[in-house]
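Protein chains in written order, with the numbering used here: chain R, 1 to 154; chain Z, 1 to 422.
Glycine included, each C-beta is placed from N, C-alpha and C at the ideal position.
Please read these numbers as outputs of a predicted model, since none were measured by experiment.
Shown next as structure tokens:
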């Protein structure tokens with residue numbers, strides 16, 4: 001079941017679009033904000049709420065990389081792997097963080113603290129290499145600095 | 001320099017009051033009080049403003065394609081889905097001065113008699129989401145949005161839409177599908193969005209930097225705007241440089257400054273001990289330029305004459321200690337990953353390209369690989385796919401094969417990446 005709060009937030013989006021389907025991405029993001037990810041059950045509930053089939057909605061969900069169809073850790077670490085960051089040493093950042101976390105890109109740490117993900121260009125190329133942890137952008141990284149930053153996220 | 005004069009990223013962006021005290025919303029007032037929609041379109045046409053998203057299509061001409069007497073709704077979308085690798089200009093404008101974008105949208109919407117507009121913002125731009133939504137709330141509170149704006153009888157709603165990732169959403173028709181809550185596959189063209197766009201209604205999609213220019217054109221006139229430029233394309237341009245240059249950064253400069261001026265004067269040239277090998281002038285999907293092109297003016301026409309595209313105007317610089325094959329592998333990995341899977345040349349071709357480049361980097365390159373890559377760039381040429389993703393992916397590769405052929409051959413001959421031991 002969608003919680004009353006989730007329902008309220010989704011309903012608040014509806015008047016801004018002429019169709020219910022237009023809200024599907026917002027709706028999944030709202031649920032993800034509350035639960036961390038979008039489970040099969042949640043997908044079914046959102047589909048019912050918007051009058052969409054679960055498979056249509058899953059087709060949308062699986063297109064977008066910021067909609068999570070699997071559980072993620074308490075903090076999501078997005079390491080930019082696009083070209084400017086690559087030139088400036090992004091590989092050394094992801095090597096250090098995957099070693100420290102004992103998880104590969106796309107995986108979560110055993111304690112559920114971090115999920116490591118590659119991300120495309122974050123639009124801060126003059127401060128490459130960069131990463132985003134949850135909502136925070138971190139610039140001008142070096143491997144040791146990136147590791148220190150992770151310590152701040154408990 | 002009009003676009004960036006009020007931007008100081010170390011502080012909060014100007015709120016409505018501060019923006020107005022610096023002359024903000026004067027362009028909107030002038031437009032609503034003393035100009036007809038047709039006059040605004042003509043002024044923007046006369047300014048030679050060209051689309052800053054990368055394609056460089058004349059903005060006024062694009063607006064003139066919108067039907068004037070269509071029944072039912074029409075839409076305007078600000079494309080704030082900045083995701084072209086190496087591009088970091090729209091984020092600066094969105095975070096630094098949200099009201100400038102919104103004023104541009106309001107004038108554009110009035111000129112096309114649109115009553116509903118969306119800001120389509122990529123989900124990762126968290127700070128921009130805050131600045132834009134705050135600015136929109138201020139406008140509603142001051143009754144600058146909604147019904148009967150500043151007593152003009154004109155009504156406009158603007159809504160912020162936060163996206164959920166994928167490069168394809170920046171493609172005009174992919175964006176429309178995303179905004180309709182669908183997968184961001186491109187649509188067949190024609191019909192073009194001014195005929196059939198969002199929910200089948202007339203729609204115009206403009207880039208953030210393009211729209212930010214509009215208030216200044218209306219306030220100061222087309223002649224003033226053209227005078228800012230050193231080229232036939234009007235205005236200033238946000239140029240940037242990333243890679244191993246001394247001072248990576250972003251600068252608003254007259255349109256048409258040379259590649260050399262940006263690279264040497266503004267970015268300070270290459271870092272100590274490194275030599276320049278080439279650059280992508282405007283994002284991942286542009287052809288390499290090399291030493292011989294340094295005096296090319298950075299505008300849409302001249303960069304095209306040099307065999308590339310100005311694209312977004314933010315250059316990615318390759319130095320002599322970075323492997324060009326590795327750089328192309330990184331670029332093609334991006335394009336292969338971001339292909340939406342709709343057209344075969346794209347999903348299949350880019351996968352092949354990525355695998356061949358990966359093999360070369362890992363010492364498994366084979367004779368014939370260069371020919372296969374060359375064939376693929378032709379297979380991905382414009383006209384073979386619904387959208388520009390695959391042709392864009394072919395641009396750095398075809399020029400890389402031309403300018404760095406020796407490097408490709410060395411990878412195959414030596415069965416290793418010569419840069420890995422450096």
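Counted within 10 angstroms of its Cβ, other Cβ atoms place residue i as buried (16 or more) or exposed
i	result
residue 299 of chain Z	buried
residue 233 of chain Z	buried
residue 1 of chain R	exposed
residue 128 of chain Z	buried
residue 120 of chain Z	buried
residue 36 of chain Z	exposed
residue 13 of chain R	buried
residue 368 of chain Z	exposed
residue 9 of chain Z	exposed
residue 420 of chain Z	exposed
residue 59 of chain Z	buried
residue 19 of chain Z	buried
residue 1 of chain Z	exposed
residue 17 of chain R	buried
residue 70 of chain R	exposed
residue 19 of chain R	exposed
residue 57 of chain Z	exposed
residue 382 of chain Z	exposed
Same chain, Cβ closer than 8 Å to residue i, neighbours up to 5 away in sequence not counted
i	result
residue 401 of chain Z	370, 373, 374, 377 and 408
residue 274 of chain Z	244, 319, 320 and 321
residue 57 of chain R	24, 28, 43, 46, 47 and 50
residue 5 of chain R	34
residue 364 of chain Z	415
residue 43 of chain Z	35, 60, 217, 218, 221 and 222
Spatial neighbours of residue i in its chain, beta-carbon cut-off 7 Å, leaving aside the 5 residues before and after
i	result
residue 293 of chain Z	259 and 306
residue 78 of chain R	117, 119, 131 and 132
residue 178 of chain Z	163, 169 and 184
residue 73 of chain R	108, 109, 112, 113, 114 and 115
residue 156 of chain Z	106, 109, 115, 117, 145 and 149
residue 122 of chain R	80, 130, 132 and 137
Start and end residues, beta strand (DSSP E) containing residue i
i	result
residue 87 of chain R	Unbroken run through residue 87 of chain R is the alpha helix (DSSP H), 83–87; no beta strand (DSSP E).
residue 132 of chain R	131–133
residue 93 of chain R	No beta strand (DSSP E) holds residue 93 of chain R; the alpha helix (DSSP H) holding it covers 90–101.
residue 251 of chain Z	249–254
residue 314 of chain Z	314–319
residue 237 of chain Z	236–243
residue 75 of chain R	75–80
residue 78 of chain Z	75–80
residue 138 of chain R	136–138
residue 132 of chain Z	It is not in any beta strand (DSSP E) - residue 132 of chain Z instead sits in the alpha helix (DSSP H) that spans 126–141.
residue 118 of chain Z	116–121
residue 117 of chain R	114–119
residue 379 of chain Z	That residue, residue 379 of chain Z, is in no beta strand (DSSP E); its alpha helix (DSSP H) goes 369–379.
residue 280 of chain Z	276–280
Residue span of the alpha helix (DSSP H) that contains residue i, given as start and end
i	result
residue 66 of chain Z	From DSSP, residue 66 of chain Z is part of no alpha helix (DSSP H); its letter is neither H nor E.
residue 403 of chain Z	389–403
residue 296 of chain Z	Per DSSP, residue 296 of chain Z belongs to no alpha helix (DSSP H) and is neither H nor E.
residue 32 of chain Z	26–34
residue 158 of chain Z	Looking at the DSSP string, residue 158 of chain Z is not in any alpha helix (DSSP H); the run it does join, the beta strand (DSSP E), is 157–162.
Chain-order list of residues whose beta-carbon lies under 6 Å from that of residue i (same chain, five-residue window excluded)
i	result
residue 129 of chain R	85, 88, 89, 90, 93 and 141
residue 332 of chain Z	353, 354 and 357
residue 302 of chain Z	296
residue 54 of chain Z	311 and 312
residue 26 of chain R	13
residue 147 of chain Z	155
- [ ] Below 9 Å between beta carbons is the criterion; list the residues of the region 284–313 of chain Z that meet it against any residue of chain R, in chain order.
- [x] 284
Open item on the list: Please list, in chain order, the residues of the region 46–66 of chain R that have any C-beta partner in chain Z closer than 7 Å.
Closed with: 59, 60, 63, 64, 65 and 66
Open item on the list: Give me the subset of the region 79–101 of chain R whose CB atoms are less than 8 Å from a CB atom of chain Z, sorted by chain position.
Closed with: 81, 82, 83, 84, 86, 87 and 88
Open item on the list: Counting only Cβ-Cβ distances shorter than 7 Å, please list the residues of the region 126–139 of chain R near chain Z, keeping chain order.
Closed with: 126, 128, 132 and 135
- [ ] Pair every Cβ in the region 69–85 of chain Z with every Cβ in the region 203–222 of chain Z, then say whether three or more of these pairs are closer than 8 Å.
- [x] yes
- [ ] Please name the residues in the region 164–183 of chain Z whose beta-carbon is closer than 8 Å to at least one beta-carbon of chain R, in chain order.
- [x] 164, 165, 166, 167, 178, 179, 180, 181, 182 and 183
Open item on the list: Does the contact criterion of 3 or more C-beta pairs under 8 Å hold for the region 156–165 of chain Z versus the region 54–71 of chain R?
Closed with: yes
Open item on the list: Count Cβ pairs between the region 309–316 of chain Z and the region 84–91 of chain Z that sit closer than 8 Å; are there 3 or more?
Closed with: yes
- [ ] Would you check if the region 95–105 of chain Z and the region 279–298 of chain Z touch, i.e. whether three or more CB-CB distances between them fall below 8 Å?
- [x] no
Task: Near-chain Z residues of the region 21–39 of chain R - C-beta to any C-beta below 7 Å - done: 21, 22, 23, 24, 25 and 29
Open item on the list: For the region 185–215 of chain Z, list every residue whose C-beta sits within 7 Å of some C-beta in chain R, in sequence order.
Closed with: 199
Open item on the list: Tell me which residues of the region 104–129 of chain R have at least one Cβ-Cβ distance to chain Z shorter than 8 Å, keeping chain order.
Closed with: 119, 120, 121, 122, 123, 124, 125, 126, 127 and 128
TODO: Pair every Cβ in the region 326–344 of chain Z with every Cβ in the region 384–394 of chain Z, then say whether three or more of these pairs are closer than 8 Å.
DONE: yes
Open item on the list: Between the region 11–31 of chain Z and the region 193–206 of chain Z, can you find at least three pairs of beta-carbon atoms closer than 8 Å?
Closed with: no
Task: Touching by the beta-carbon criterion (3+ pairs, under 8 Å), the region 247–267 of chain Z and the region 220–238 of chain Z - done: yes
TODO: Give the residues from the region 63–87 of chain Z that approach chain R closer than 8 Å (Cβ to any Cβ), ordered along the chain.
DONE: 73, 82, 83, 84, 85, 86 and 87
Task: Interfacial residues, the region 233–260 of chain Z to chain R, with Cβ spacing under 7 Å - done: 240, 242, 243, 244, 248, 249 and 250
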